[in-house]
Structures are given as C-alpha cells and as structure tokens.
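Heads up: the sequence shown is residues 1 to 611, going by UniProt numbering.
Quick reminder that beta carbons are idealized off the backbone N, C-alpha and C, glycines included.
Here the structure is a predicted model, which means the values were calculated and not measured.
As structure tokens, the structure follows; a few thoughts come after it.
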Amino acid sequence: MAEPEQPDFVNVTELQRREDLQNYYILADDLGQGMFGVTCMATPVNDPTRRVAVKIQDRGHPDLLIPPHIIAEEILRLYKEILIINRILPKHPNILEIKDLLVSPDQSFIVTELCERKMADFYPVCDEASARRAFAQLVDAVHVCHEHGVLHNDIKVDNILFLDAQFMQVKLIDFGVAEYSPQWARKRHNEFDHNKWFAQEEIWDREPHPDIDVRALGTVLHEMICGQYVPDIMTGMVEKMQTIYRPRWNRFSPAALDLLLHIGISPYGPRGDEESLTLDQVRQHPWLTGLPFINIQPAINLEEELRALQWDLKVLRRLLKGWMVLPICIMDNPPVPTGYQVTGAFNRDDQQNSVYSVTSVSYPDVQRVMKVIHGRMPGTPPGIVDVPPINIYVDMLITLRILPRHENFVKIRNVYVSTNTVALVKELLNNNSLEDLFPVANDVTSRWVFKQIANAVRHLHHHGVVHTDLHPRHIMFTDDFQHCKIINCSHALYVQHMVRLSHENFEPERYFTPVLLQSMAAQADAQDDISALGRILHAMMCNKWEEDATQIGLFWRVDLVPDQEEFHPLAFNLLGRIGPEPFGLAHEYRQISIDEICEHPWLLLTEDGEP
C-alpha cells in the first residue's frame with residue numbers, strides 16, 4: 001500500500017491522557033532510551049503494513065526526580081527541534097521526516113520515519129562508491145539546512161542513520177542543539193515568519209559558524225575512510241590516529257583522499273579553519289561531482305621552497321602537503337617528539353643519525369625505533385653530525401611518496417619535523433642484521449633471503465629508484481633469518497628514465513626541479529645495486545662479509561672462497577654474473593638486469609633444490 005501524501009508540515013493531535021495513544025499507534029520494541037524518554041517501533045492503527053518510530057518524551061511527570069529548570073530547557077529544546085524540522089526546513093530525502101505529533105498532558109509523541117541501520121554499522125563495510133553516495137547525501141542535507149538559516153552543530157555518528165538495511169539512503173537526525181537565525185538564511189520555506197514562533201531572545205544574533213558542521217563532516221569522512229568510529233582522543237592522539245585510526249589508503253582514490261586532506265581530522269586534515277574548504281567548496285569537489293580530479297593543492301614555487309628548506313625543515317610540510325602516504329607532524333620539543341620515551345640506543349645504523357628504541361606513552365608495551373636526523377642548518381653547533389636538508393627531502397620523498405608499501409621495506413609509522421630535526425618512527429625489527437646470517441648461511445636459507453632482497457631492489461628500480469648503498473647493515477630480520485626488510489634508503493636517488501611503475505600517478509615535476517633531476521640521474525647507476533647484490537651473494541656463499549672489497553680474490557684469503565659443497569651449481573652461475581671479481585664479471589662488463597636476477601633459475605628452485 002502506498003504511503004499517503006503528507007502536507008508540508010504536520011499538525012498536533014491533543015490526547016486527553018497518554019493511554020489514548022493506542023487509538024493511533026500500536027507500540028512494539030524499544031529502539032533506544034534517554035533521560036527524558038524512550039523511542040519505540042510502532043505501527044499505525046489505520047495502516048498496519050507500515051512501521052514508524054515513536055519518540056515518547058516526558059514533560060515533567062511527577063515520578064521523574066529532575067529539577068524543573070532542566071525539564072523546562074528540555075521542553076524548549078524539543079520545541080525548537082520540532083519547529084526546525086517541521087516548519088523551517090523543507091522536506092528533504094536525507095533529513096529525518098516527522099510524520100505525526102501527538103501530545104498528552106505529561107508526554108509528547110513524535111512519530112518519524114523508521115530507520116533500519118546506524119552509521120556505525122556502515123563504516124566497516126563501506127567502499128569508495130557507497131561512501132561517496134552516503135557522504136554526498138549528508139553534505140546535501142547540511143547544505144539545505146544552511147540555506148534556511150539552520151546550523152546543525154551536532155553532526156556525528158550517532159546522529160546519522162540509514163532508512164534502509166542496504167545503506168542506500170542517509171537520514172540526518174537530532175536537531176536538539178541546532179541554531180537558527182533568519183539573518184543567516186538565503187531561503188525561506190513556505191514564507192516562514194520567525195516572529196510568530198520565536199521570542200526575540202531565542203533568535204541567534206551572532207555571526208554564524210558553518211565551519212562547525214564542515215569540521216564534523218570531515219570527521220565523518222575520516223571515519224568512512226578508516227572504517228571505524230573515531231572517539232575523542234585525549235592522550236596519544238597522533239600515535240593512535242596514525243595506527244588504529246589510519247585511513248585505508250588502498251581502498252579510496254586520490255580524489256577522496258584530497259577531500260579528506262581539506263576537511264579531515266588532524267593530522268590528515270587542515271591545520272586550521274583558514275585552510276579548510278567551505279561547504280560550497282565541498283559540494284563542488286571532484287570526488288562528489290564526478291568531474292575529473294585535478295589536484296587542487298595551491299601551487300608553490302618549488303625553487304623558493306627548496307631554498308627556504310635550507311633554513312627550516314618545517315618547510316617539508318608545505319613541500320609534501322599533497323602527500324597521502326603519511327602526513328607530517330610539527331614537533332615543538334626536538335629531538336624526541338611529545339608522546340615518546342627513549343628506552344635505549346642502537347649502533348646498527350651509519351654515523352649520520354641517532355637511532356633509539358622508544359615506546360609510545362599511549363602504548364608502552366609497543367616498541368618502536370626512532371631515527372633522528374639533524375639537518376645541516378646555518379648555525380648548527382659543532383660536534384653534531386648533520387645531513388644536507390635537500391638530502392633529507394629526497395630521502396623522505398622516495399621512502400614515503402615515490403615508493404608504495406612493500407613487505408621487504410621497514411614500515412614508517414610517524415614523521416615529525418622541527419626547524420632543524422626530523423624524527424622518523426619505524427617498526428622495531430629483530431636485532432639480527434643480514435651480517436648475522438652470513439656465518440650460518442646455507443644454500444636454502446641464502447636462496448630464500450636473497451630472493452627477498454632481489455625483489456625489494458626490483459621494487460626500487462621499477463619505480464625509478466636506485467638505492468646506491470645496499471649494505472648488509474641496512475637489512476634487518478623480523479625473525480630468525482626468515483623474513484628481512486631494508487631499513488634505510490637515505491642515499492637513494494630518483495632516476496626518471498628508469499620508471500616503469502608510478503605510485504598514485506607520481507609527478508616528479510611537482511617535487512623535483514630540473515637541476516635536481518639531472519643531478520640525481522648523473523649520480524645514479526642501477527649496476528651499483530647489482531654489484532651490491534653480488535657482494536651479498538658472495539658473503540652468503542663464503543659465510544663471511546668482507547668490508548674491504550679489494551681483499552676478495554687475494555690468494556691468501558681462503559676464507560673468502562665460496563663453499564662449492566654447500567651451494568647449488570646454479571648459485572655459482574648467478575655469482576659468476578653478478579659477484580665481485582674474480583668470482584664474477586667486472587662492473588664494466590656486467591649486462592644483467594634486476595628482472596633477470598629475480599627470474600634466475602637458482603631463485604626458482606624448490607626448498608629441496610629441485611627446478
């Protein structure tokens with residue numbers, strides 16, 4: 001049976017006593033309860049095929065031990081909410097509709113549409129298409145409110161429902177703390193005259209703040225993208241936002257993430273209201289309109305910013321503003337950001353940085369590694385080993401923007417910058433480095449580990465990156481010599497003509513000047529990484545790493561001769577193509593690519609050494 005046509009507003013039906021409600025509606029299951037009443041499912045007596053929701057609100061019942069002024073405030077709030085939905089705003093498919101109003105001497109009965117699902121149910125299952133549909137509906141509902149002079153002021157997960165079980169139609173509910181002023185309105189519904197309904201003192205006469213609703217929409221968008229409700233976080237906010245409540249980058253397009261960057265929660269959103277989009281700009285964003293997405297980041301003068309970087313590393317935040325892998329946080333108390341406690345020091349890295357084990361204040365049981373890099377800034381005190389800021393910039397750009405995540409690269413959890421310091425918080429791996437494997441390496445373990453390292457280098461080369469410093473100390477294990485990760489790419493270079501894969505349509509011209517691109521191309525040689533792989537393979541096969549490559553091949557260094565009994569002949573074949581002299585070809589005669597190495601027959605053998 002079709003639902004009967006409803007007028008633009010509903011009139012009030014007066015009941016002599018509360019029990020008279022049963023003449024109009026048959027109450028069923030409770031849907032929720034608050035201080036002043038309960039919401040129930042109900043069926044209209046004159047149409048038993050329909051289901052509605054009835055909000056039963058007490059109006060000063062003597063059994064309630066609530067101060068009279070609180071009751072009066074609640075009655076006024078209820079009156080304003082009904083007036084906003086029923087008179088001020090036009091009917092809208094995404095604003096909960098009041099179907100009927102009934103009052104008895106001590107109770108009010110507000111009959112509304114019955115919603116099937118909560119927004120909290122939607123978060124874990126939403127994908128980009130469903131999130132775009134729901135968010136667009138929500139934005140349109142808020143836009144209609146603002147057009148008619150209403151600010152909702154309480155947009156949150158509890159106040160957004162779905163009319164249907166399939167999450168197709170959003171409903172914005174609960175206008176109890178909404179504000180209304182005719183001065184804010186650009187439109188009037190049915191020539192609404194506020195003087196007939198509000199006393200002058202009940203009309204807001206201050207400037208409107210629609211940014212409150214926009215910020216709330218940004219929170220909802222973040223929750224859709226991260227797949228769960230984000231509570232108010234008092235301590236350890238940054239750590240939790242970048243771990244537990246981290247956006248699911250792989251599920252959403254650059255356009256969705258760009259909108260999040262402009263209205264989302266810190267550290268993924270704007271730093272202040274002045275950087276945020278207006279509601280009209282949100283409505284016109286390509287993610288919602290379906291228009292082709294063109295990055296709407298404000299243009300920067302790259303050369304000027306790179307010059308400014310020499311004086312202040314916080315410029316990195318501007319240079320990498322459109323960077324969606326991990327946002328940069330500004331730290332006020334270098335070298336250790338607020339929220340972390342140093343528990344020890346590592347000596348496994350090179351001497352250019354300080355590397356510490358740390359714990360998060362929020363998660364004291366979770367160990368991390370913090371790598372602190374000191375920039376070579378004007379006035380740097382003597383005795384501090386520093387790094388040129390441009391090198392820091394290239395390192396961060398390659399590690400966190402150019403390269404997508406890969407199982408054989410250490411994960412960076414957080415990035416903090418101050419004027420002259422960068423702190424990278426990484427996952428803590430096993431204390432064993434690749435050098436610890438060499439004394440116990442055999443054909444099986446070497447083949448398994450070498451395959452991982454070769455695939456990691458292929459990942460680099462396909463994205464146009466040459467590592468240039470593939471040393472065993474830069475490769476750590478997550479366990480007992482089974483799974484390894486490269487932990488340092490601080491000397492890597494980007495070579496544009498090598499690119500075969502592009503992560504999120506990386507545009508080098510946005511981040512590198514022509515001079516910098518030419519300089520890196522001139523310095524980088526992919527065969528340096530091949531040679532490094534050859535030295536690693538040699539160390540595996542002779543169970544020893546020799547730092548001085550000139551010692552390899554000397555007749556008295558029998559300890560550097562590969563073990564022919566332990567290793568498969570195919571391992572020697574590969575060593576002959578990439579290993580150091582005299583076990584392999586000289587660098588200038590080597591003609592093997594990283595793809596050929598990864599597909600070499602030795603690496604394709606089974607654990608039993610069979611093809």
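- In this structure, histidine 463 and histidine 503 form a Cβ contact; the two beta carbons are roughly 6 Å apart against a cut-off of 8 Å.
- Residue environment: asparagine 414 is assigned as buried (16 or more neighbouring CB atoms within 10 Å of its CB, all protein chains considered).
- Restricting attention to Asn455, Ala524, Ala441 and Phe512, the CA atom closest to the CA of glutamate 566 is found in Ala441.
- Straight through space, the alpha carbons of leucine 460 and asparagine 159 are spaced by roughly 46 Å.
- Ranked by Cα distance from proline 514, the options Arg458, Glu303 and Glu97 are led by Glu303.
- A direct Cα-to-Cα measurement between tyrosine 416 and proline 210 gives close to 32 Å.
- Note that the C-beta distance between threonine 606 and aspartate 528 is not below 8 Å.
- Only residues of its own chain outside the window of five on either side were considered, and among them Arg368, Met370, Arg413 and Asn414 have a CB closer than 6 Å to the CB of valine 425, listed in chain order.
- With 16 or more other Cβ atoms inside 10 Å of its own Cβ, glutamate 179 counts as buried.
- Going by C-alpha positions, glycine 218 is about 20 Å away from phenylalanine 167.
- Per DSSP, glutamine 518 is one residue of the alpha helix (DSSP H) stretching across 514-523.
- Counting C-beta pairs with one atom in each stretch, the stretch 308-320 and the stretch 394-411 have three or more that are closer than 8 Å, which means they touch.
- For cysteine 598, the secondary structure class from DSSP, reduced to helix, strand or coil, is helix.
- Apart from sequence neighbours up to five positions away, the residues of its chain that approach leucine 428 with a beta-carbon distance below 7 Å are Ser357, Gln367, Arg368 and Val369, ordered along the chain.
- Each residue's CA atom was taken as its position, placing glycine 576 and leucine 501 some 30 Å apart.
- Arginine 133 and glycine 227 have their C-alpha atoms spaced approximately 15 Å apart.
- Nearest in C-alpha terms to valine 336, of all of Ile373, Asp312 and Arg307, is Ile373.
- Exclusion of the five residues before and after tyrosine 589 leaves no residue of its chain whose Cβ lies closer than 8 Å to its Cβ.
- Per DSSP, histidine 262 is one residue of the alpha helix (DSSP H) stretching across 254-263.
- One thing to note: leucine 434 has its Cβ within 8 Å of the Cβ of cysteine 484.
- With respect to leucine 172, alanine 141 sits close: the two C-beta atoms are nearer than 8 Å.
- Fully contained in the stretch 547-611 are the following alpha helix (DSSP H) runs of length 4 or more, in chain order: 569-578 and 594-598.
- Of the residues Ile530, Leu554 and Pro582, the one whose Cα lies closest to the Cα of serine 593 is Ile530.
- In this chain, the beta strand (DSSP E) harbouring alanine 423 covers 421-427.
- Around the beta carbon of lysine 99, 16 or more other beta carbons lie within 10 angstroms, which makes this residue buried.
- With fewer than 16 other CB atoms across the displayed protein chains lying within 10 angstroms of its CB, glutamine 591 is exposed.
- With contact defined as three or more Cβ pairs closer than 8 Å, the stretch 107-118 and the stretch 40-55 are in contact.
- Serine 108: member of the beta strand (DSSP E) spanning 107-113, first to last residue.
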